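Terminal number for the sequence shown in the working numbering: 301, no gaps in between.
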Amino acid sequence: MSKIAVPPIKCQGIKTKLVTWIRAVLPDNFTGRWIEPFMGSGVVAYNIRPGKALLCDTNPHLIRFYNSIKHGEITSDHVSDFLRSEGEKLENKGQDYYYEVRERFNKNLKPLDFLFLNRSCFNGMIRFNKKGGFNVPFCRKPQRFGQAYVTKIVNQVSYVQTLLNYQDFEFKCQNFETTIMNASDQELQGLGIRKGWKKSFSYRKSL
Numbered sequence: 095m096s097k098i099a100v101p102p103i104k105c106q107g108i109k110t111k112l113v114t115w116i117r118a119v120l121p122d123n124f125t126g127r128w129i130e131p132f133m134g135s136g137v138v139a140y141n142i143r144p145g146k147a148l149l150c151d152t153n154p155h156l157i158r159f160y161n162s163i164k165h166g167e168i169t170s171d172h173v174s175d176f177l178r179s180e181g182e183k184l185e186n187k188g189q190d191y192y193y194e195v196r197e198r199f200n201k202n203l204k205p206l207d208f209l210f211l212n213r214s215c216f217n218g219m220i221r222f223n224k225k226g227g228f229n230v231p232f233c234r235k236p237q238r239f240g241q242a243y244v245t246k247i248v249n250q251v252s253y254v255q256t257l258l259n260y261q262d263f264e265f266k267c268q269n270f271e272t273t274i275m276n277a278s279d280q281e282l283q284g285l286g287i288r289k290g291w292k293k294s295f296s297y298r299k300s301l
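Structure, rendered in structure tokens:
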């Protein structure tokens with residue numbers, strides 16, 4: 095059994111433990127588009143590695159982060175430089191700097207700031223207040239971004255970066271209803287969803 099590749103963004107309910115099972119039930123001759131209405135961290139698709147995939151989530155920051163990698167706006171080198179620089183500031187200033195970055199992110203929504211917060215907040219949580227502001231507290235580890243930890247994250251980004259260079263992956267910020275309704279019957283059948291299910295799903299939505 096091959097090792098499970100862990101993505102750079104931590105996420106509650108991550109499907110890491112399901113990857114082996116999903117691999118086992120996926121048809122050997124599957125060549126269609128892999129569709130995920132609830133992408134989360136992306137761990138399933140990044141390990142299944144289909145030739146073509148549509149990964150959707152309602153969290154715009156997840157989608158923005160992975161689209162930035164896909165389009166070359168974020169690379170493993172960018173992540174290495176950024177986390178080493180920001181990590182040094184965090185070590186020197188402590189939690190005050192974490193909250194400085196959090197405030198900055200809530201204004202500019204930069205993907206690298208999102209990564210920084212995700213990997214230095216309490217338990218790697220992703221949580222927002224009613225106004226849409228990231229509000230997870232600091233993990234209380236000023237030395238969070240030591241050399242080994244940064245290298246680990248950089249390697250995770252590098253894996254995704256390489257995958258996206260060769261595979262046709264599309265990331266969309268949309269809910270699961272839209273994702274399912276926009277998929278063709280053939281695509282849904284290829285994923286094991288019986289013919290006509292989309293019609294019954296549409297009917298239930300209208301009730």
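Think of the CB as a built atom: it goes at the ideal place given N, C-alpha and C, for glycine as much as any other residue.
Treat the numbers as computed from the prediction; the structure is a model and nothing was measured.
Straight-line Cα distance separating residue 198 from residue 151:
Straight-line Cα distance between these residues: approximately 23 angstroms.
From residue 297 to residue 276, what distance separates their C-alpha atoms?
Any answer about residue 297 is weak, because its pLDDT of 49 lies below 50 and its placement is not dependable; what the coordinates show is given next. Using only the alpha carbons, I get a separation of about 15 angstroms.
When burial is assigned at 16 or more other CB atoms within 10 Å of the CB, is residue 282 buried or exposed?
Around the beta carbon of residue 282, 16 or more other beta carbons lie within 10 angstroms, which makes this residue buried.
So if DSSP puts residue 267 in a beta bridge, which residue, or which two residues, is it bridged to?
According to the DSSP secondary-structure assignment, residue 267 is paired through a beta bridge with 151.
Per the contact definition of three or more C-beta pairs closer than 8 angstroms, is the region 130-143 in contact with the region 245-257?
They touch, by the three-pair rule.
Assuming residue 143 is part of the alpha helix (DSSP H), what are its boundary residues?
Where residue 143 is concerned, there is no enclosing alpha helix (DSSP H), because DSSP gives it neither an H nor an E.
Any idea what DSSP makes of residue 247, helix, strand or coil?
Residue 247 falls in the helix class under three-state DSSP.
Helix, strand or coil for residue 117? Go by DSSP, reduced to three states.
Note: residue 117 maps to helix in three-state DSSP.
Contacting residues, own chain, Cβ-Cβ under 8 angstroms from residue 170 (five flanking each side not counted):
Annotation for residue 170: 248, 249, 251, 252, 255 place their beta carbon closer than 8 angstroms to its own, counting only its chain and skipping 5 residues before and after.
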